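To start, the structure under review is shown below, and the notes come after it.
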Amino acid sequence: MQKESPPIIDDVTVETFQREGVVLLKGFFTPWVDTLAHGIDELMANPSEYGLARTVTPKDGSAPFFQDYCNWSRIPAFKDFVFNSPAAEIAARLMVSESARFFHEHTLVKQPGSSTVTPWHHDQPYYCVEGQQNVSLWIPLDPIEQSISLRCIRGSHLWGEEFSPTRFNGTRLYEHQRFRDLPDIDAHAAEYDIVSWAVEPGDAIAFHYRTLHGAAGNSSSRSRRVFSARWVGDDAVFADRGGTTSPPFPELTLKDGEPLISPLFPEVWPRKTAA
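Using full-length UniProt numbering, the first residue of the sequence shown is number 1, and each one after it goes up by one.
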């Protein structure tokens, strides 16, 4: 059952998202903070195989950066959020899509003092999906200062470029050379329209899969817990990346270009009504 009436996404917000590839949604998920926090506690106590593999422990001895994804079907709090929060309707509105299909969730917890930097990247080449109608809802569960918050390059989703996905150790995700190398953004930061915000629990930063983004380490004295909910719209099709994607979805048997329709990716909007 929904905990509140769906927030209103006005036309200006939709137009800004379409033009800039990123918008800040203030307080849209405040009623869901406790639910998601409970889910993250449960997940960290029992991470998946992906969490065990993806969590980063810095070599300098600083605190770890916990990551895990694709757990919505086994963590009740996450499943509750996916199907009963206003996220699907918000996603459909931002994507200008008749439908919203849940792609996956990603939990990111940078512990206090973690030196791990989230390097500049965009998500599309990591994923087994193509389409212009997509959005990630990056939802903080702790207050996050601007200096350690998500940073995005406005308008980068419209560059028409795909940059090579890399792992945290700097190696390429794929062996092939289909994608370009990412430019040195930090060395030329003044040349890019970089935006970031201080955020509160229940806010959301909504960004396009092609929007370049990154984040600093957690220099604060508290955890930086984030639940990222990722959605696709009407035009989503399966993309064969020529290697194992992230997330990998080994169960999928779709062929390149086929609609991304699978029980792994439930259509949540429009909501189904009981007969």
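Ideal Cβ positions, reconstructed from N, Cα and C, are used throughout, including at glycine.
Bear in mind the structure is a predicted one, so any value in this text is a computation, not a measurement.
C-beta atoms of residue i and residue j nearer than 8 Å
| i | j | result |
| --- | --- | --- |
| Leu-24 | Asp-203 | yes |
| Ser-223 | Arg-151 | no |
| Ile-153 | Asp-181 | no |
| Pro-201 | Val-33 | yes |
Buried/exposed call for residue i, threshold 16 Cβ in 10 Å
| i | result |
| --- | --- |
| Pro-140 | buried |
| Gly-61 | exposed |
| Gln-124 | buried |
| Asp-68 | buried |
| Arg-74 | exposed |
| Ala-275 | Bear in mind that a pLDDT of 39 at Ala-275, under 50, signals an unreliable position, so the number given afterwards is only what the model happens to contain. Burial call: exposed. |
| residue 277 | Nothing about residue 277 can be reported from this structure: the residues present for the chain run from 1 to 275 only. |
| Gly-233 | buried |
| Pro-263 | exposed |
| Ala-190 | exposed |
| Gln-133 | buried |
| residue 280 | In the structure as shown, the chain begins at 1 and stops at 275. Residue 280 is therefore absent and cannot be evaluated. |
| Arg-241 | buried |
Same chain, Cβ closer than 6 Å to residue i, neighbours up to 5 away in sequence not counted
| i | result |
| --- | --- |
| His-208 | Gly-21, His-157 |
| Gly-243 | Tyr-174 |
| Val-12 | none |
| Pro-165 | Pro-125, Tyr-126, Leu-173 |
| Glu-267 | Ser-99, Arg-101 |
| Ser-228 | His-106, Ser-136, Trp-138 |
| Gly-39 | Ile-75, Ala-77, Phe-78 |
Identity of the residues DSSP links to residue i by a beta bridge
| i | result |
| --- | --- |
| Phe-207 | Val-22, Ser-136 |
| Ser-196 | Arg-151 |
| Phe-238 | Val-129 |
Spatial neighbours of residue i in its chain, beta-carbon cut-off 7 Å, leaving aside the 5 residues before and after
| i | result |
| --- | --- |
| Glu-258 | Val-237, Phe-238 |
| Ser-221 | Pro-112 |
| residue 290 | Residue 290 lies beyond the residue range present for the chain, which begins at 1 and ends at 275; the question has no answer from this structure. |
| Asp-80 | Thr-35 |
Proximity test, Cβ basis, 8 Å: residue i and chain B
| i | result |
| --- | --- |
| Ser-156 | The structure shown contains no chain B, having only a single protein chain. |
Beta-carbon contacts of residue i that lie in its chain and below 8 Å, excluding the five residues immediately before and after
| i | result |
| --- | --- |
| Val-14 | Arg-93, Leu-94, Val-96 |
Kindly provide the ranges of any beta strand (DSSP E) runs that are 3 or more residues long and lie completely inside the segment 143-168, ordered along the chain.
-> 151-153
Can you check the segment 99-127 for any beta strand (DSSP E) of at least 3 residues that lies completely inside it and give the ranges in chain order?
-> 100-110, 118-121
What residue ranges within the segment 36-65 form continuous alpha helix (DSSP H) runs of no fewer than 4 residues, ordered along the chain?
-> 49-54
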